[in-house]
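For the record, the sequence lines run as chains Y and L.
Using this note's numbering, the letters of the first sequence map in sequence onto residues -5 to 322.
Using this note's numbering, the letters of the second sequence map in sequence onto residues 18 to 653.
Glycine residues also receive a C-beta, built at the ideal position from the N, C-alpha and C atoms.
Note that this is a predicted model, so its numbers are computed, not measured.
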Amino acid sequence: MTRTRAAGLLMAICLLAACDDRAPSSLRTHAPQGDRIAHVFWLMFLLAAAVYVVVGGLIVVAATRGRRRGGARPSRASDERFIWLGGIAVPAVILAVLATVTVGSANVLRDPGHDPLRVEVIGKRWWWAVRYPREGITTANEIRVPVGRPVEVLLRSDNVIHSFWVPELNGKMDTIPGQTSVHHFTATRAGTYRGECAEFCGLQHANMNFVVLAEPAADFDRWVVQHRNPPSGPASELEARGEAVFVRSACAGCHTIRGTDARGVLGPDLTDFGGRQSIGAKTVPNDRARLEGWIADPRSIKPGVLMPPTALEPDELQALVAYLESLK
Amino acid sequence: MTVAQEAEHHDPEVVEAWEEAPGVPGFFSTVDHKRIGVRYVVTAFMFFFLAGLMALAMRQQLARPDSNVLSPQTYNELFTSHGTMMIFLFNTPVLAGFGNYFLPLMLGTRDMAFPRLNAFSYWIFVLAGIFMTSSLVIGKAPDGGWFAYTPLTEKAFSPGINMDFWGLGVVFVGISTSVGAVNFLVTAFKMRAPGMTLDRMPVFVWSIVGMAAMVLFAVPAVTLSAGLLEADRIFGTAFFRPDHGGSSLLYQHLFWFWGHPEVYILFLPAAGMVAAIIPTFSRRPIAGYLWVVSSLIAVAFISFGVWVHHMFVTGMPVLAMSFFSAATLVIAIPAGVQFFSFIATMWKGVVRFATPMLFALGFLLIFLLGGITGVMVAVMPFDWQVHDSYFVVAHFHYVLNGAVVFPIFGALYYWVPKMTGRMLHERLGKVSFWTMFIGFNGAFFPMHILGLLGMPRRIYTYPSGLGWDGLNLIVTLASFVFALGTGLTLVNLIWSWKRGRAAPDNPWDGDTLEWSTTSPPPEWNFEAVPVVGSRHPLWDDGGLGYAVVDGDPVTASLGREGAKARATPVLTGVDAIPEAIMAIPHESYLPFLVALGIAVIFFGLLVKAALVGIVGLVLGAFAIMRWAWFTEADLR
Chain Y
-5 MTRTRAAGLL
5 MAICLLAACD
15 DRAPSSLRTH
25 APQGDRIAHV
35 FWLMFLLAAA
45 VYVVVGGLIV
55 VAATRGRRRG
65 GARPSRASDE
75 RFIWLGGIAV
85 PAVILAVLAT
95 VTVGSANVLR
105 DPGHDPLRVE
115 VIGKRWWWAV
125 RYPREGITTA
135 NEIRVPVGRP
145 VEVLLRSDNV
155 IHSFWVPELN
165 GKMDTIPGQT
175 SVHHFTATRA
185 GTYRGECAEF
195 CGLQHANMNF
205 VVLAEPAADF
215 DRWVVQHRNP
225 PSGPASELEA
235 RGEAVFVRSA
245 CAGCHTIRGT
255 DARGVLGPDL
265 TDFGGRQSIG
275 AKTVPNDRAR
285 LEGWIADPRS
295 IKPGVLMPPT
305 ALEPDELQAL
315 VAYLESLK
Chain L
18 MTVAQEAEHH
28 DPEVVEAWEE
38 APGVPGFFST
48 VDHKRIGVRY
58 VVTAFMFFFL
68 AGLMALAMRQ
78 QLARPDSNVL
88 SPQTYNELFT
98 SHGTMMIFLF
108 NTPVLAGFGN
118 YFLPLMLGTR
128 DMAFPRLNAF
138 SYWIFVLAGI
148 FMTSSLVIGK
158 APDGGWFAYT
168 PLTEKAFSPG
178 INMDFWGLGV
188 VFVGISTSVG
198 AVNFLVTAFK
208 MRAPGMTLDR
218 MPVFVWSIVG
228 MAAMVLFAVP
238 AVTLSAGLLE
248 ADRIFGTAFF
258 RPDHGGSSLL
268 YQHLFWFWGH
278 PEVYILFLPA
288 AGMVAAIIPT
298 FSRRPIAGYL
308 WVVSSLIAVA
318 FISFGVWVHH
328 MFVTGMPVLA
338 MSFFSAATLV
348 IAIPAGVQFF
358 SFIATMWKGV
368 VRFATPMLFA
378 LGFLLIFLLG
388 GITGVMVAVM
398 PFDWQVHDSY
408 FVVAHFHYVL
418 NGAVVFPIFG
428 ALYYWVPKMT
438 GRMLHERLGK
448 VSFWTMFIGF
458 NGAFFPMHIL
468 GLLGMPRRIY
478 TYPSGLGWDG
488 LNLIVTLASF
498 VFALGTGLTL
508 VNLIWSWKRG
518 RAAPDNPWDG
528 DTLEWSTTSP
538 PPEWNFEAVP
548 VVGSRHPLWD
558 DGGLGYAVVD
568 GDPVTASLGR
578 EGAKARATPV
588 LTGVDAIPEA
598 IMAIPHESYL
608 PFLVALGIAV
618 IFFGLLVKAA
628 LVGIVGLVLG
638 AFAIMRWAWF
648 TEADLR
């Protein structure tokens, strides 16, 4: 009896945790793709619970039956009908249902939808390059999409294998070097959805996260218009000095800022860096103090990151940070 | 009667024929399947506890968000080594160890078909284990995951020596598994007691047969994947380097073509153990013997058609993947047959709740959930969500820890009395079981929910505020409870080794032939090889008899003359009719020397020193030729 109660308590704790709406939960989804999978889960959950209760109950009853009957003698009868029914017939029916669900849902989930927004996402070590080929926008670690419009994500990698996963929108898909994989989702509610790398990709696999920002179509269109052209350039003397530091220091070797001479391709494009929520693929929030620390010694924040430390005079660093934060 | 007194009653000629050198020389030269079997189990358990400690270290890191207990590099090395060690150096060899010890005893023969090969496969296992573990000692443990996906593990992304320990180690230890499988198959088909027709063979033996058959077809694939990876790394080939025209998906196909059958390679003998324990403690034969045996063989076949379910998120076409999804679902049917046979056995029997039986029941309740979640992840759309999440970590620990480790612990309590001649402490055993059972479920059940809440696998840290904190803390606390439970069994083993009550020949009233000999058995197992008249020789009237020895030399080898001559009969494969006599080879250093030569070759490849490799090659080749040069003198 105590065991049942303990198990019940455990279940209750677990279910409470599952209701935590801060989690990137695959059961609280905001896209038809994710919803579909969640439905499949709940169907299977009910079947699983029924099977567990029935078979688990049979196990417990079978094991304790002899003891309860007291003094009974073991029978040597071999009940093959029982095995046939429980081991083959019933499972076959359940499995047939699941097979049908599998094929039906899988085909629906691979449907690209009408007039999808195309986004190219390239898995890097350990961040995500994001390109909108038709709109001509390049960014990193943040994928902005309009609510209600199907999104077609083209997944690639030029290094190791990663996996693109936004649990609240759809399942995952690997980025495999040498091939392009296609993934779909349609956000049905405005919001910020946590994305993660799901395939082990080396030292900083844990800090290779991103966000999908779903916003009303009008807001998205405004964002596209704003970012289609290069930024207007530094607004103050400090920022102008920061740009100069960026372009002539090591920064420009790896990063691009459109409209400047910085055209490096190894690191993330920083053209809209000031507008981003975080640094280092969601390792830390994007604020002035952390950015200074990151530039001076990124490895102290994200151990093993490929970006080297940059030695700058304090005033150069300040100017650089002011410039980067102005890029929105 | 104590073990020492018993020994005095043996025929001195028999004792002399089976005597092996004592002490250190005998340690390196023994070919006795029982000594080798015990050694396999002990060595494998050392790796079990080592890999378990690694898991505890990882759980400490994950107990709280943003924790700094371990560096990312250390964490990655630990989870890689934990998986590699549990699969290659604990689970596979510990089952081989029980198989080694009990196959000849259950079959009623005096040793394995190839006793020296048996010693060789142990030496390869232990040397490969040392080879892989040395990476931890020098602080260069593999860090690319136990599955070593390319191109992450290629030189370009993993330049250190770390992954070479993995790649070479996997090829190395595969030699042991493969030769062991050949030995099991030949033993099961040619070395049974007279009268033990195929349909009288114990289910545990059938499970070892299924396992060995899978090993023969599966291990070459992993040897190929790890071997070609090492060719890429050492010699600069490009099998798995996409930037040079290679394919990283090819690696995954090869790896999982072994990797999924491997799960059943581990599961089958574990189910076989349960099939030995449940009938004994239900005091009746297993229900539907033929169904159970057929289901084991069916699993062995179907297991080769499911590997792509590890690759459902690589972007393959839905139609292609559907076949593998269906095959994966179908494997639930033979598993269901085994389940309902076990239930029927208990239902019609009268169950005694001794410790081995508790572990068998724990297995049923845990594997039931592991099997159900296995069906769930076979459903592609759901897999797309939970693939590489903690849901999968929960699922495969329910299978590989719950459904394999629990039977192994049950088998310890069941069979160690036969192996050491001492009973384990029953009450401590029960406490150990309940601690493990509660700790296990507390540690692994919440992982299902973590996976559904979007927590990916193989992350060394996570931020707070994602709803993962509480569950991770529960998991960590419970993992220590589970570890404590396993530790209690370790204490029990050590205690019983010295102080345990003397074990009778058949402490559990079992039905199979290992219980017909003394505990522990003499070196020759059976002075007279039993003649079997039923599937349950120790239960049925007329089930166990002995041949009347006449002038025929083959028949004579069944009796004491055979034991005196260090010989054992060889039988026809199906009907088990004696047809020849096999001389059992004497102890020898050659298996160890060949294994040592191979170890030196691998060391040469590891440090990239051709000279070292050549030394190993010469040593190995010399020892193999000496071994093959089998003279009468060896047989005396």
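DSSP places Ser157/Y in the strand class (E or B) of the three-state scheme. Taking all protein chains in view, the Cβ of Gln355/L is crowded by 16 or more other Cβ atoms within 10 Å, so the residue is classified as buried. In the DSSP assignment, the residues bridged to Leu588/L are Pro595/L. Taking the Cα of Val259/Y as reference, the smallest distance to any Cα among Asp152/Y, Pro303/Y and His178/Y is reached at Asp152/Y. Residue contact with chain L for Phe158/Y: absent (no Cβ-Cβ distance below 7 angstroms to any residue of chain L).
Among the CB atoms of chain Y, none fall inside 7 angstroms of the CB of Gln77/L.
Close to Lys365/L, with beta-carbon spacing below 7 angstroms, are these residues of chain Y in chain order: Pro68, Ser69, Ala71 and Asp73. Using a Cβ-Cβ cut-off of 7 angstroms, Glu237/Y does not count as an interface residue toward chain L, since no Cβ of chain L sits closer than that to its own. The beta-bridge partner set that DSSP reports for Trp122/Y consists of Gly117/Y. The shortest C-alpha to C-alpha distance from Val31/L to any of Val611/L, Gly186/L and Glu540/L is the one to Glu540/L. 7 angstroms or more divides the Cβ of Ser157/Y from the Cβ of Lys365/L. Trp121/Y sits buried, since 16 or more C-beta atoms from the chains shown fall within 10 Å of its C-beta.
In the three-state scheme derived from DSSP, where H, G and I count as helix and E and B as strand, Lys322/Y is classed as coil.
With a 10 Å radius around the Cβ and a threshold of 16 neighbouring Cβ atoms, Asn223/Y comes out exposed.
Under the Cβ criterion of 7 angstroms, Gly51/Y is not counted among the residues facing chain L. Rounded to whole angstroms, Ser312/L and Ala56/Y show a C-alpha spacing of 21 angstroms. In the pairwise beta carbon analysis, the segment 412 to 430 of chain L is classified as touching the segment 452 to 469 of chain L: at least three pairs are separated by under 8 angstroms.
Taking the C-beta atoms as reference points, Pro159/L is found no nearer than 7 angstroms to Ser224/L.
Counting C-beta atoms within 10 angstroms of its own C-beta, Arg216/Y has fewer than 16 neighbours from the protein chains shown and is therefore classed as exposed. Annotated three-state conformation of Thr304/Y is coil, per DSSP. A Cβ-Cβ separation of about 24 angstroms leaves Gly322/L out of contact with Val220/L under the 8 angstroms criterion. The residue among Arg119/Y, Phe267/Y, Ala90/Y and Gly50/Y with its C-alpha nearest the C-alpha of Leu169/L is Arg119/Y. For Ala211/Y against Arg143/Y, the beta-carbon gap comes to about 7 angstroms, under 8 angstroms, which counts as contact. Annotation: the continuous alpha helix (DSSP H) that includes Ile641/L extends over Ala627 to Ala645.
Taking Phe214/Y as reference, the option from Arg188/Y, Val47/Y and Ile131/Y with the minimal CA-CA separation is Ile131/Y. Burial state of His199/Y is buried, judged by a 10 Å Cβ sphere holding 16 or more other Cβ atoms.
When secondary structure is reduced to three states using DSSP, Cys245/Y falls in the helix class. Asp255/Y: not part of any beta strand (DSSP E); DSSP gives it neither H nor E. Distance check between Pro434/L and each of Ala238/L, Tyr118/L, Val199/L and Phe148/L places Tyr118/L closest, using alpha-carbon atoms only. For Leu494/L, no Cβ of chain Y is located within less than 7 angstroms of the residue's own Cβ. DSSP places Val396/L in no beta strand (DSSP E); its state is neither H nor E. Counting only the Cα atoms, Val617/L lies some 8 angstroms from Leu634/L. The three-state reading of DSSP puts Arg62/Y in helix, counting H, G and I together.
The beta carbon of Leu169/L falls within 7 angstroms of a beta carbon belonging to chain Y, placing the residue at that interface. About 23 angstroms separates the Cβ atoms of Pro351/L and Phe298/L, ruling out a contact at the 8 angstroms cut-off. Contact check for Ala584/L against Ser574/L passes: the beta carbons are separated by less than 7 angstroms.
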